[in-house]
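Heads up, the thing below is written out as structure tokens.
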Amino acid sequence: MLDSRHFQAHAARLLAAEEGTLRKVAPLAVALCYPSPYHVGMSSLGFQTIYREIHAHPGATAERAFLPEDVPAFRASRTPLFTLESQTPVATFPVLAFSVAYELELTGLFDMLSLAGLPLLAAARTEAHPLVVAGGPLTFSNPTPLEPFVDVLIQGEGEELVHALLEAVQAFPRRDGLLSHLARTQGFRVPGRGGDALHVARAADARLPARSQILTPHTELRSMFLIEPERGCSRGCHYCVMRRTTNGGMRTVPVERVLALVPDAARRVGLVGAAVTDHPRIVELLRTLVDAGREVGVSSLRADRLSQELVDSLRRGGARTLTVASDGASQRMRDLVDRKHSEEQILRAARYAAQAGFERLKVYSMVGLPLEEDADVDELVRFTTELSRILPVALGVAPFVAKRHTPLDGSPFAGIRTVDSRLARLRGGLRGKAEVRPTSARWAWVEYMLAQCGPEAGLAALQAWRAGGSFADFRRAFAASGCTPFLAARVEDGRRHPTRWPVVAPPPPAPGARTGA
Ligand code: SF4
Numbered sequence: 024m025l026d027s028r029h030f031q032a033h034a035a036r037l038l039a040a041e042e043g044t045l046r047k048v049a050p051l052a053v054a055l056c057y058p059s060p061y062h063v064g065m066s067s068l069g070f071q072t073i074y075r076e077i078h079a080h081p082g083a084t085a086e087r088a089f090l091p092e093d094v095p096a097f098r099a100s101r102t103p104l105f106t107l108e109s110q111t112p113v114a115t116f117p118v119l120a121f122s123v124a125y126e127l128e129l130t131g132l133f134d135m136l137s138l139a140g141l142p143l144l145a146a147a148r149t150e151a152h153p154l155v156v157a158g159g160p161l162t163f164s165n166p167t168p169l170e171p172f173v174d175v176l177i178q179g180e181g182e183e184l185v186h187a188l189l190e191a192v193q194a195f196p197r198r199d200g201l202l203s204h205l206a207r208t209q210g211f212r213v214p215g216r217g218g219d220a221l222h223v224a225r226a227a228d229a230r231l232p233a234r235s236q237i238l239t240p241h242t243e244l245r246s247m248f249l250i251e252p253e254r255g256c257s258r259g260c261h262y263c264v265m266r267r268t269t270n271g272g273m274r275t276v277p278v279e280r281v282l283a284l285v286p287d288a289a290r291r292v293g294l295v296g297a298a299v300t301d302h303p304r305i306v307e308l309l310r311t312l313v314d315a316g317r318e319v320g321v322s323s324l325r326a327d328r329l330s331q332e333l334v335d336s337l338r339r340g341g342a343r344t345l346t347v348a349s350d351g352a353s354q355r356m357r358d359l360v361d362r363k364h365s366e367e368q369i370l371r372a373a374r375y376a377a378q379a380g381f382e383r384l385k386v387y388s389m390v391g392l393p394l395e396e397d398a399d400v401d402e403l404v405r406f407t408t409e410l411s412r413i414l415p416v417a418l419g420v421a422p423f424v425a426k427r428h429t430p431l432d433g434s435p436f437a438g439i440r441t442v443d444s445r446l447a448r449l450r451g452g453l454r455g456k457a458e459v460r461p462t463s464a465r466w467a468w469v470e471y472m473l474a475q476c477g478p479e480a481g482l483a484a485l486q487a488w489r490a491g492g493s494f495a496d497f498r499r500a501f502a503a504s505g506c507t508p509f510l511a512a513r514v515e516d517g518r519r520h521p522t523r524w525p526v527v528a529p530p531p532p533a534p535g536a537r538t539g540a
């Protein structure tokens, strides 16, 4: 059995391999927590940005904590969850700040709180316990399942709100006064006390671009300096939380500023953002970085923005796989969700990639959209086969999960059986022609329940986690909890998009099965 020394030595090795770690002694210390393992958390630009912002705040400092790679072994060692920097138990910090990227990380938050020895429910904690705060990408859509477990939610972009939070913690020594103050402050939500659930904060342009603080070889993007040349997206895909209306559309950073912030020593640079290739000067930015001898990766390539020159630059920058998203299984589906891509644009991207010497094309698609039929999946088979004649294709397929505050908000989950049968149809049609990499329909349904339900879904997830965390545990817990996916906005959106999306009234509750699985 592994003991504490094993985990402490592992943390010390991770720390020793980092460049850019910040060290500051200050009266207010925050444990900045990521509810997934180190290699995931350290790839998050938002997490790194908040780490830097806390260090920049007068009188405050931050140390990081991550979900252990092997939670059962960590638990068995009876090691209290500790921070990476000083190996101090997380429970001794006055503030725990979690960055939550998506719904299924909720169980990581349960694991971290329990490994820290803290009560999971906010109502069971007292003034003697740390203040537990959560923010991150999940707060752009539906953070309400987090409500039973956190004292404060930070909604939206956190670069400025984190300073408002730290100032409030410094100003209000008593928890009651602090929570009342935050409930009245825009951008914060205090469960049980108020706050605007629909307000999503937007950081000032002067704070952009977000960029790496720490480089480490122990992430998927090995020692890559990440920088965000644009934030948000000006497009309007109906399923997407990053669409133009979420936070005012795309904001671009001048190329000169991006280049000035890339350290001379950074040999690998990742351009990160929701729609990086929509940056009006993306070709120039890429060319300049590659001409300086750096490897370059881009997080989001839009097929309609690619040119031979841009794809050549990516290849010269070391990329061997070109990744594009088609999203809808057929042109009919893409048109319905306003995903403005045609087959011809994706085929052209594949030809550019072949010409530039890429080895493989990775295409992301989605099944289970409303109104989808088997014929749409057959079209994806036909189209992927066509692409595979140009380059070997890996097809990533995710089941559609409706997110709050998008035009498709409230759309039902297609059903695990339907999704599985569409995936089987896809695999069968593409056997020997393309590699199909689907994500699990079962866990997509769990994500759907958490994306579309309220705090009761969070409590159901807690029951499931306590029971062992299998899919069957989640299905039982959701059925017992009475969670009902949100459908009211779907009706409203049907009115807003009457030609595209039919109005669907909430179905009557089915006896004994309220979950739609
Ligand atoms: S899916 Fe991509 S292109 Fe569409 S709105 Fe979202 S970020 Fe923009």
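Once you know that position 184 of the sequence shown is 207 in the working numbering, the rest is easy, because the numbers rise by one and skip nothing. For each residue, glycine too, the CB sits at the ideal point set by N, CA and C. None of the values given here were measured: they were computed from a predicted structure.
Residue i by DSSP, collapsed to three states: which one?
i, result
"R465", "helix"
"M273", "coil"
"S444", "helix"
"G217", "strand"
"P95", "helix"
"F133", "helix"
"G451", "helix"
"Y387", "strand"
"L25", "coil"
"P534", "Because P534 sits at a pLDDT of 39, beneath the cut-off of 50, its placement in the model cannot be relied upon, and the following sentence gives the value as read from the coordinates. In the structure shown, P534 sits in coil (DSSP, three-state: anything other than H, G, I, E or B)."
"R46", "coil"
"T344", "strand"
"T311", "helix"
"L394", "coil"
"D350", "strand"
"A83", "strand"
"P112", "strand"
"R513", "Bear in mind that a pLDDT of 49 at R513, under 50, signals an unreliable position, so the number given afterwards is only what the model happens to contain. DSSP places R513 in helix when its eight states are reduced to three."
"F436", "coil"
"G320", "strand"
"I413", "coil"
"F195", "coil"
"F163", "helix"
"V19", "There is simply no residue 19 to check, as the chain begins at 24 and stops at 540 in what is shown."
"A224", "strand"
"G69", "helix"
To the nearest angstrom, how far is it from the Cα of residue i to the Cα of residue j?
i, j, result
"A297", "G179", "15 Å"
"P69", "P435", "Residue identity check: residue 69 is Gly in the sequence provided, not Pro. Distance between the alpha carbons of G69 and P435: 30 Å."
"R274", "S67", "19 Å"
"R234", "I250", "4 Å"
"M389", "P422", "6 Å"
"C256", "L324", "13 Å"
"E279", "S463", "42 Å"
"K426", "Y262", "7 Å"
"G452", "W468", "24 Å"
"A437", "G391", "5 Å"
"R266", "L205", "28 Å"
"S444", "R87", "42 Å"
"L143", "D174", "11 Å"
"P303", "V334", "16 Å"
"G316", "A376", "21 Å"
"V459", "H364", "21 Å"
Which residue or residues does DSSP assign as beta-bridge partners of residue i?
i, result
"I177", "F211"
"C260", "According to DSSP, which records beta bridges pairwise, C260 is partnered with nothing at all."
"D6", "Outside the displayed range of the chain (24 to 540) lies residue 6, so it cannot be described from this structure."
"Y572", "The requested residue 572 is not part of the displayed model; the chain covers only 24 to 540."
"L184", "DSSP lists no partner for L184."
"V118", "V53, L154"
"L238", "E42"
Answer yes or no: do residue i and residue j have a C-beta to C-beta separation smaller than 8 Å?
i, j, result
"C476", "T429", "no"
"G271", "R225", "yes"
"L107", "P58", "no"
"T311", "L282", "yes"
"S504", "E479", "yes"
"F494", "W466", "yes"
"G418", "A474", "What sits at residue 418 in the sequence shown is Leu, not Gly. No; because the gap between Cβ atoms is not below 8 Å, this pair is not in contact."
"V313", "R290", "no"
"L309", "L337", "yes"
"A484", "L37", "no"
"I413", "A447", "no"
Would a check of beta-carbon distances place residue i closer than 8 Å to chain B?
i, result
"E318", "The structure shown contains no chain B; it holds only a single protein chain."
With three or more beta-carbon pairs closer than 8 Å as the criterion, would you say the stretch 239-248 touches the stretch 401-408? no
With a cut-off of 8 Å, do at least 3 Cβ pairs link the stretch 183-191 to the stretch 126-135? no
Quick test of the definition: if touching needs 3 or more C-beta pairs under 8 Å, does the stretch 161-176 touch the stretch 213-227? yes
Contact between the stretch 376-394 and the stretch 338-351: three or more CB pairs below 8 Å? yes
Cβ contact (3+ pairs, closer than 8 Å) linking the stretch 33-50 and the stretch 145-154: no
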